[in-house]
Amino acid sequence: MGSPKKFDTRAFISISMFIFIVTLAATGLVIEILDTIEDMNITIPSYLPFVASFVTTTHVLSGILLAGFTVVHMIKNHRVLRNYLKMKSSEINKEAILSLFWVVFLAISSGLIAFIWD
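Printed below as a string of structure tokens:
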């Protein structure tokens, strides 16, 4: 018999991050639906405030855990990330520029949506 397989921390972190992202998307959608129901001034079941509190708490905890796991993921993959960011001669790394573009785009669009929404 072979030795038992060693626990793969990098795989665990990556899978956990995926689960947190899916959880954030699902709970965010449920929160929006519950807010819409509340705004419609319709009679709600007595258990709905508990559901809203549970979903919001799950959403917040998933976001905090995702942030923490992201830091650990970056630490575990620092060599790979460093290679992606390295510039070859005078050529600018296209992947790094595109990633930076997406971060700036998401920040600006989130700010605009928040400004328009309120």
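Throughout the sequence shown, residue numbering follows this note's numbering, covering 0 to 117 in sequence.
Each residue gets a CB set at the ideal place from its N, CA and C atoms; glycine is no exception.
Exercise for the section: Give the range of the alpha helix (DSSP H) segment to which K75 is assigned. Expected result: L47 to K75
Problem - Same chain, Cβ closer than 6 angstroms to P44, neighbours up to 5 away in sequence not counted - result: none
Problem - Continuous alpha helix (DSSP H) stretch holding I43: start and end - result: Run containing I43: none; DSSP gives neither H nor E here.
Exercise for the section: Note down the Cα distance separating M39 from I32, rounded to an integer number of angstroms. Expected result: 11 angstroms
Handout entry: Buried or exposed (CB count within 10 angstroms, at least 16 for buried), I12
Key = buried
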